[in-house]
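To keep things clear, I will list the structure first and then write my remarks on it.
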Amino acid sequence: MALIIRSVLHLLVISLISFVVLQQESDAEEVLMLQKPRLINCKFDKIYQLGDSFADTGNCIRERICGAHTVCGRFPYGMNFFQNATGRCSNGMLMIDFIALESGLPLLNPIKDQNANFRHGANFAVAGATALPSEILENMKMVNPSTNSSLSVQLDWMSSHFETTCYTDCPEKLNKSLFLVGEIGGNECTHGLLEGKTIEESRRMVPEVVEAIIHGVRVSF
């Protein structure tokens, strides 16, 4: 009897592993959506995300320069969950993916995906992005080799998106939306140190980075 039970359990494990491996992105999302969302009482109907690689669900790989620099557009990224490199800098899901699913919403599509559905929000984050605009970085004798899609650029994208989706009645249509700003601001220090800045010079950037993030939060709300 014990041998039979072990054999049955063995077959069940094999079936489960096969099921997971064969799932594509949409199927995997559908499976997760069956779980009882723990943020459902918040009643979010849309989510809008700005940030860097901690939140990018596919914008960087759709940019010419960023897409050429990033390694997140190929395996092993994405292989453990989506079985496809979606542009997420993870082999599974990102924090924003869990937040969306726990809110009872689909995974956010990257704003650069021209064929995507943005009914439940949009993701403006770009891997490698900085909180400070490129012209500010230039004044500091720094260059972001990955992307110029800083926080201010993402805010411009979001503004343009709202002009085409809600325009005059945005306050009403967005009153149940969740806005997430960041994580962002770490790439300034990373690029600075790689380009020869000292720790002290990196520290002196922090107030400007924080101010840029505060501005982004105020604009978003």
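Residue numbers (mature numbering (1 follows the signal peptide of the UniProt record, and there is no 0)): -28 to -1, 1 to 193. No residue lacks a Cβ here, since even glycine has one placed at the ideal position from N, Cα and C. Computed from a predicted model, the values in this text were never measured in an experiment.
- Here Pro48 has Asn63 as same chain residues with Cβ atoms under 6 Å from its own Cβ, once five neighbours each way along the sequence are excluded.
- Where Gly188 is concerned, the enclosing alpha helix (DSSP H) starts and stops at Ile171 to Ser192.
- Val181 is positioned such that its CB atom lies no closer than 8 Å to that of Gly164.
- DSSP, reduced to helix, strand and coil, places Pro82 within a strand of the structure shown.
- Secondary structure of Ala40 (DSSP, three-state): helix.
- Per DSSP, the beta-bridge partners of Asn95 are Gln21 and Pro82.
- Taking the C-beta atoms as reference points, Ile185 is found nearer than 8 Å to Val153.
- Taking 8 Å as the cut-off, the beta carbon of Ala94 is found no closer than this to the beta carbon of Thr119.
- The alpha carbon of Phe26 has as its nearest neighbour, out of Arg46, His41, Met65 and Ile12, the alpha carbon of Met65.
- Three or more Cβ pairs drawn from the stretch 28 to 41 and the stretch 80 to 94 lie within less than 8 Å of each other, which places the two stretches in contact.
- Shortest Cα-Cα distance from His41 to any of Leu11, Pro78, Lys8 and Val98 involves Val98.
- Sequence-distant partners of Gly45 (beyond 5 residues in either direction) whose C-beta falls short of 7 Å from its own C-beta, in its chain, are Ile33, Gly39, Ala57 and Gly59.
- With respect to the 8 Å criterion, Asp69 and Asn159 are not classified as neighbours on the basis of their beta carbons.
- In this structure, Lys145 lies away from Lys15, with their beta-carbon atoms at least 8 Å apart.
- Closest by C-alpha distance to Glu155, out of Phe90, Ala103, Ile19 and Arg36, is Ala103.
- Of the other Cβ atoms in all chains shown, fewer than 16 fall within 10 Å of the Cβ of Ser131; this residue is therefore exposed.
- In the three-state scheme derived from DSSP, where H, G and I count as helix and E and B as strand, Leu77 is classed as coil.
- CA-to-CA, the gap between Val191 and Leu127 works out to about 8 Å.
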